[in-house]
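Right, one structure below, let's go through it.
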Amino acid sequence: MICGFTSAAIAYQAMNRHMEGDKSRRLRMIRTLLAAAAAIFLAATAQAQQLSLNEISRYLNTLQTVKSPFTQINSDGTISTGTISIKRPGKARFDYNPPERGLVLVSSGSVYILDRKLGGMPETYPLEQTPLSIILARNVNLGQAGMVTGHSFDGTATVVTAQDPRRPEYGNIQLKFTANPTELRQWIITDGDGVKTTVVLGGLQKTSIPTSQFLIDTELNR
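Using my numbering, the first residue of the sequence shown is number 2, and each one after it goes up by one.
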């Protein structure tokens with residue numbers, strides 16, 4: 002009995018030591034997992050950070066010639082798709098996919114809207130009367146007095162609302178940027194009548210685009 006008791010006691014102590022060992026290993030594992038989770042959280046937080054206006058201005062000024070697919074959400078809820086080409090300063094081209102087949106050209110200080118199905122002469126507007134002029138300017142300076150009316154962070158992206166401080170009646174543009182690396186993801190243009198148009202970009206890619214792609218005469222002579 003004594004031997005049996007002693008053997009049982011030794012076995013119990015050994016089991017306790019084993020359990021304590023398991024417990025210690027579990028605690029170490031939990032601490033490791035928590036540390037890893039904290040590192041991931043901090044990394045995610047670092048990536049999803051609010052960008053300063055200076056950072057955004059520098060980014061926009063480095064955009065030279067880029068292209069991206071886009072999805073446009075119109076004020077009436079309809080959706081259009083196409084490809085946007087930007088050649089800063091001052092040039093942009095929106096090629097709309099069928100069935101629209103429309104074309105919007107920005108060059109020489111004007112915005113031209115062509116309906117390829119109907120033909121005829123394009124509608125023409127001064128670029129300076131549209132909020133798009135802000136991101137196509139030769140030198141973007143969002144720190145300019147009165148230009149930025151909103152600067153916030155929604156948890157994943159920095160949102161900046163800007164207007165021409167000399168012509169606020171022409172509306173504004175709300176720009177959405179992600180960080181690391183900084184990239185323009187979306188904009189919402191609100192015109193002088195309060196009509197909103199949203200453009201979601203599919204990823205801007207640097208490319209080479211001939212200047213002829215932005216000439217209205219080239220399109221009219223096709």
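Yeah, the Cβ is synthetic: ideal placement off N, Cα and C, and Gly gets one too.
- The beta carbons of LYS68 and GLN206 sit closer together than 8 Å.
- In this structure, DSSP gives ASN75 a state outside helix and strand, which the three-state scheme calls coil.
- Sorting ILE135, SER109, LEU128, ASN98 by C-alpha distance to the C-alpha of LYS118 places ASN98 at the top.
- Taking a C-beta distance under 8 Å as the contact criterion, THR66 and THR208 qualify as a contact pair.
- Counting the other CB atoms within 10 Å of its CB gives PRO169 a total below 16, which places it among the exposed residues.
- The three-state reading of DSSP puts ILE210 in coil, since its state is none of H, G, I, E or B.
- Here LEU61 carries a helix assignment [DSSP, helix/strand/coil].
- The segment 76-88 makes contact with the segment 192-205; the number of CB pairs closer than 8 Å reaches 3 or more.
- For GLU170, there is no enclosing beta strand (DSSP E), as DSSP gives it neither H nor E.
- Using a Cβ-Cβ distance cut-off of 8 Å, the segment 143-154 and the segment 186-201 are not in contact, since fewer than three pairs of beta carbons, one from each stretch, lie closer than that value.
- The beta carbon of VAL112 is closer than 8 Å to those of VAL105, LEU106, THR125, TYR126, PRO127, LEU128, THR131, LEU133 in its chain, skipping five residues each way along the sequence.
- Rounded to whole angstroms, the separation of the alpha carbons of GLU220 and PRO70 is 21 Å.
- The alpha helix (DSSP H) runs lying completely inside the segment 104-179 and spanning 4 residues or more are 134-137, given in chain order.
- SER76 is a Cβ neighbour of LYS197, given a cutoff of 8 Å.
- The alpha-carbon of ALA180 is positioned some 32 Å away from that of SER109.
- Shown here for THR72: same chain residues with a beta carbon closer than 6 Å to its own, the five before and five after excluded, namely THR82, VAL201 in chain order.
- In the DSSP assignment, THR219 falls within the unbroken alpha helix (DSSP H) covering 217-221.
- For GLN164 and MET122, the gap between their C-alpha atoms comes out near 30 Å.
- With at least 16 other beta carbons inside 10 angstroms of its own, ILE135 counts as buried.
- Shown here, LEU202 sits in a strand according to DSSP, grouped into three states.
- Annotation: GLU101 is outside any beta strand (DSSP E) and is labelled neither H nor E by DSSP.
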